[in-house]
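Residue numbers (the working numbering), protein chains in the order written: chain A, 1 to 218; chain B, 219 to 720. The structure appears right after this line, and notes come after that.
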Amino acid sequence: MSLESCLKRRDIWRGKKATRSRDAVATGFSVLDRHLPDGGWPQHALTEILVENITYSPLWLLMPALGEIMPSRPWQIWIAPPAIPYPPGLSQNGLDLSKILMITTTDRSDILWSAEQALRSRACSAVLCWPGKLHQSATRRLQLAAEYGGGLGICFQDESALNTHSMAALKLHCRNTDDGLRIDLIKCRGGPVLQNLAVQHPSCRPTATFKTKEGSCQ
Amino acid sequence: MTFGRSKPYLAKVPPATLPDALPSTVRGHLWLAISFPFLPLEALGQTGQQQPMAVYARQGQMRKIVTLNHSAQRNGIQVGMTLAAAQTLNPALHAIPRDISAESDRLQHLAALTNSWTPAVSIIEDSLLLDIAGSTRLFGGVTQLLEQIRSWITSEALSPCVSVMPTPASAILCARTGKSLCITAKEHIHSAIRELPAQALVTDAKRQRALNRFGINTLGDLLRLPRDGLARRLGPDLVQQLDKLLGRQPDPQNTITPLPTFRQRIVFDIGIANTEQLAPFMEVLLGKLQAHLTQHHILAEQLEWHLVNESDLSHRIPVYLTHPHRDAIGLMKLSQLAFEKFKTKDVITHLVLKANRFAPLPSSSEDIFSILPKAADHGTSLIERLQNRLGRRAVQGLCIQPDHRPEKAWSHCKVGETGALSHGAPRPLWLLETPRSVRVLQGRLALGDQSLLLQRQRERICSGWWDSQPIRRDYYYAKTAALKTWVFRDLDSGNWCLHGIF
Chain A
1 MSLESCLKRR
11 DIWRGKKATR
21 SRDAVATGFS
31 VLDRHLPDGG
41 WPQHALTEIL
51 VENITYSPLW
61 LLMPALGEIM
71 PSRPWQIWIA
81 PPAIPYPPGL
91 SQNGLDLSKI
101 LMITTTDRSD
111 ILWSAEQALR
121 SRACSAVLCW
131 PGKLHQSATR
141 RLQLAAEYGG
151 GLGICFQDES
161 ALNTHSMAAL
171 KLHCRNTDDG
181 LRIDLIKCRG
191 GPVLQNLAVQ
201 HPSCRPTATF
211 KTKEGSCQ
Chain B
219 MTFGRSKPYL
229 AKVPPATLPD
239 ALPSTVRGHL
249 WLAISFPFLP
259 LEALGQTGQQ
269 QPMAVYARQG
279 QMRKIVTLNH
289 SAQRNGIQVG
299 MTLAAAQTLN
309 PALHAIPRDI
319 SAESDRLQHL
329 AALTNSWTPA
339 VSIIEDSLLL
349 DIAGSTRLFG
359 GVTQLLEQIR
369 SWITSEALSP
379 CVSVMPTPAS
389 AILCARTGKS
399 LCITAKEHIH
409 SAIRELPAQA
419 LVTDAKRQRA
429 LNRFGINTLG
439 DLLRLPRDGL
449 ARRLGPDLVQ
459 QLDKLLGRQP
469 DPQNTITPLP
479 TFRQRIVFDI
489 GIANTEQLAP
499 FMEVLLGKLQ
509 AHLTQHHILA
519 EQLEWHLVNE
529 SDLSHRIPVY
539 LTHPHRDAIG
549 LMKLSQLAFE
559 KFKTKDVITH
569 LVLKANRFAP
579 LPSSSEDIFS
589 ILPKAADHGT
599 SLIERLQNRL
609 GRRAVQGLCI
619 QPDHRPEKAW
629 SHCKVGETGA
639 LSHGAPRPLW
649 LLETPRSVRV
659 LQGRLALGDQ
669 SLLLQRQRER
679 ICSGWWDSQP
689 IRRDYYYAKT
699 AALKTWVFRD
709 LDSGNWCLHG
719 IF
């Protein structure tokens with residue numbers, strides 16, 4: 001086995017890399033970009049995001065990345081979101097609504113089936129799903145589908161999934177703070193498992209594009 | 219002219235059906251007629267029976283035999299006998315009334331199939347007439363084309379007769395009288411048809427009796443008679459008929475353009491209770507549909523399956539296609555997805571496939587060097603799969619509506635459609651379907667156990683007085699320790715509600 005072929009393997013940890021590989025999409029948050037192994041959300045992979053309250057899943061965390069990869073493929077699919085992803089808001093965050101597909105179903109097997117189909121199809125730049133509780137075998141299926149299809153697979157789950165085993169490439173735990181999120185990496189393929197990465201909500205940044213008269217959250 | 223009867227005149231005529239004497243392409247018109255002597259039996263689906271069978275039609279009070287099968291013929295029964303006479307000859311004769319509409323359906327169906335050889339197909343009473351002049355070169359000559367059509371029609375129908383002649387009337391005449399010929403030159407028509415009985419052309423009884431009185435038995439005899447005398451005695455239309463037969467007078471034909479509507483069914487002898495067992499039958503029907511679409515150069519836009527149960531109630535299962543196509547394997551996969559959701563305890567007795575919305579085949583040329591599959595293709599097939607399993611309403615797009623009321627400022631729309639553009643003040647990423655009420659505790663707003671801090675900016679939205687769902691609200695950006703929210707105060711009731719999350 002040559003060195004090059006070793007280096008191509010995604011499961012080999014090569015220390016902290018500052019460079020972003022083409023298999024990842026920049027998160028738009030410098031803290032995450034610095035600490036995630038490929039310098040962003042891993043493509044060809046499933047990412048699990050655990051949140052305190054599933055109804056208020058932090059979409060803002062994904063907005064820059066979703067906007068960036070949107071032109072690459074025809075669709076972005078949202079499966080069974082817990083509330084209405086509000087089109088005016090999405091549009092203001094730079095998403096092209098004509099490329100977004102909403103799947104509304106409450107049947108768990110349908111959610112997983114459509115997530116797998118979408119990830120596998122190579123037509124979706126990103127697949128966001130809210131599947132409820134995920135079994136290990138389901139995470140494995142989704143991870144394999146994402147590896148085949150090459151899209152960005154995101155699953156939002158609640159904190160009950162904190163101690164379950166998962167085959168996803170990346171598993172994050174988000175805790176709400178005053179000005180954004182504190183993120184623990186629970187599982188991170190090819191990188192160290194870090195804790196307490198502070199990510200600021202865009203509206204709380206000093207150079208916010210988000211216009212409020214106050215300007216700051218403090 | 220006594221010259222007409224002389225033998226040397228006849229000897230000059232070359233044998234008509236020699237294949238090497240035929241040119242490979244034909245100018246003008248060449249007509250191929252197919253007659254179906256057993257059409258009434260075929261239309262009733264009774265061709266495979268061994269027992270003596272006959273089809274009868276009512277003529278006034280009489281019931282007369284129209285067609286009969288070979289075993290009935292062996293009993294001495296003939297076409298034109300009354301049913302009573304036939305039943306005297308063989309009391310076991312199975313007699314069925316004629317079904318004219320089934321016969322015309324069958325002819326239409328056969329005519330549609332012959333469209334694969336030529337677009338100019340007409341139905342003349344109980345025969346088909348094809349103008350094959352334009353297709354001879356494509357199929358490698360008249361004889362090759364004739365062989366192809368003949369071998370196809372013998373597999374479709376019971377002892378059909380195929381005849382190729384330069385005029386439509388002579389082709390039909392030869393086919394009906396069971397004379398299987400292949401003649402391409404007009405000057406040979408006379409020698410080919412002169413042996414045929416005159417009754418084949420002159421069908422009404424009065425004229426037939428007149429011809430008998432004149433001592434005329436064959437068409438050759440009829441053609442030798444002087445034209446003006448014939449016209450005076452038997453009517454000018456008979457002379458015209460003879461002229462058309464020989465090609466001395468034009469004889470335009472109405473070609474049919476069959477409607478592309480597709481409807482085929484399979485009837486199960488034993489009902490099927492499990493929908494999975496339908497798969498092979500679905501494949502058969504989709505194969506037929508594909509052949510139908512290929513023939514008409516069209517693509518299907520929507521399919522419909524109907525499962526009919528014992529009490530004749532049908533379940534309709536539509537198959538949605540995002541873009542029109544005609545690939546049977548792809549359609550099968552989509553149909554299976556649509557069937558997955560379908561549950562029934564009924565016993566299915568027929569399976570019907572219908573397609574009546576079509577799109578023309580786009581005339582595009584593919585790049586022969588491109589081997590990469592198109593990404594757009596994947597996209598639409600994914601949506602088809604999702605829609606067929608989950609239903610159309612479960613897979614939709616999002617768009618912005620030009621309305622100030624937040625709950626009306628968006629809607630679901632067809633996949634891939636674009637609506638209005640967003641403008642104005644920042645809007646949240648999540649909107650709660652029903653606003654969640656916010657409590658007021660000691661002059662402060664509280665969401666759960668967290669207090670809400672209002673930002674000073676306020677947006678007043680008063681709208682909708684015209685459609686009886688008016689709102690009058692003040693919207694604020696607010697934050698709790700964890701969330702950036704969008705809350706409003708209802709100006710009428712004074713209640714505070716949480717409506718969105720940033």
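Glycine included, each C-beta is placed from N, C-alpha and C at the ideal position.
If only complete runs of 4 or more residues are kept, the region 285-319 of chain B shows the alpha helix (DSSP H) at 288-292, 301-307, in order along the chain. Interface annotation for the region 638-662 of chain B against chain A: Leu639, Ser640, Pro644, Arg645, Pro646, Leu647, Trp648, Leu649, Leu650, Glu651, criterion Cβ-Cβ distance under 8 Å. Contact annotation: the region 158-171 of chain A touches the region 44-63 of chain A, with at least three C-beta pairs closer than 8 Å.
Chain B places a beta carbon closer than 8 Å to that of Tyr86 (chain A), counting this residue as a contact.
The contact set of Glu635 (chain B) on chain A, defined by CB atoms closer than 7 Å, consists of Ser98 in chain order.
In this structure, Gln269 (chain B) keeps its C-beta atom at 8 Å or more from the C-beta atom of Ser253 (chain B).
By the criterion of a C-beta distance shorter than 7 Å, Leu194 (chain A) is surrounded in its chain by His35, Leu185, once the five residues flanking it on both sides are discounted. Only Leu101, Met102, Ile103, Thr104, Thr105, Asp107, Asp110 from the region 101-112 of chain A bring a Cβ to less than 9 Å from some Cβ of chain B. In this structure, the alpha-carbon of Ser599 (chain B) lies about 40 Å from that of Ile350 (chain B). Judged by DSSP in its simplified three-state form, Ala612 (chain B) adopts helix. Nearest neighbour of Ser369 (chain B) by Cα position, chosen from B:Thr402, B:Thr332, B:Trp628, turns out to be B:Thr332.
Just measuring C-alpha positions, the residue of A:Pro87, A:Gly180, A:Leu3 sitting nearest Pro202 (chain A) is A:Gly180.
Around the CB of Glu343 (chain B), fewer than 16 other CB atoms lie within 10 Å, so the residue is classed as exposed.
Interface criterion met: the Cβ of Trp628 (chain B) is under 8 Å from a Cβ in chain A. When Cβ pairs closer than 8 Å are counted between the two stretches, the region 684-697 of chain B is seen not to touch the region 107-122 of chain A, the count staying below three. Counting only runs that start and end inside the region 480-558 of chain B, the alpha helix (DSSP H) elements of at least 4 residues fall at 497-514, 546-558.
Listed in chain order, the alpha helix (DSSP H) elements of length 4 or more contained wholly in the region 343-395 of chain B are 360-374, 386-394. Not a single C-beta of chain A is nearer than 8 Å to the C-beta of Gly359 (chain B).
Of all residues in the region 613-625 of chain B, those with a C-beta nearer than 7 Å to a C-beta of chain A are Val613, Gln614, Gly615, Leu616, Cys617, Ile618, reading in chain order. By the C-beta density criterion, Ser160 (chain A) is exposed, having fewer than 16 other C-beta atoms within 10 angstroms. A straight line joining the alpha-carbon of His641 (chain B) with that of Ile103 (chain A) spans about 26 Å. In the DSSP annotation of this structure, the continuous segment of the alpha helix (DSSP H) that includes Gln459 (chain B) starts and ends at 454-464. When DSSP reads this structure, Met271 (chain B) sits in a beta bridge with B:His312. Separation of Arg483 (chain B) and Leu569 (chain B) (C-alpha to C-alpha, rounded to the nearest whole angstrom) is 5 Å. DSSP places Pro646 (chain B) outside both helix and strand once states are collapsed to three, so it counts as coil. Taking C-alpha positions only, Ser109 (chain A) is separated from Ser322 (chain B) by approximately 50 Å.
Around Gly682 (chain B), no beta-carbon contact reaches into chain A at under 9 Å, the shortest distance being about 17 Å. Gln264 (chain B) is positioned such that its CB atom lies no closer than 8 Å to that of Ile318 (chain B). About 34 Å separates the beta carbons of Gln279 (chain B) and Ala387 (chain B), which is beyond the 8 Å limit, so they are not a contact pair. Among the residues of the region 113-130 of chain A, those with a Cβ less than 8 Å away from any Cβ of chain B are Trp113, Ser114, Gln117, Ala118, Ser121, Arg122, Ala123, Cys124, in the order of the chain.
Annotation: Ala403 (chain B) to Val457 (chain B) spans about 21 Å, alpha carbon to alpha carbon.
Taking a beta-carbon distance threshold of 8 Å, Leu600 (chain B) counts as an interface residue toward chain A.
Boundaries for Leu62 (chain A): no beta strand (DSSP E) harbours it, and the DSSP string shows neither H nor E there. In chain order, Val565 place their CB closer than 6 Å to the CB of Ala491 (chain B), counting only its own chain and leaving out the 5 sequence neighbours on each side.
Where Ile77 (chain A) is concerned, the enclosing beta strand (DSSP E) starts and stops at 75-79. Ala45 (chain A) sits in a strand when the DSSP states are folded into three classes.
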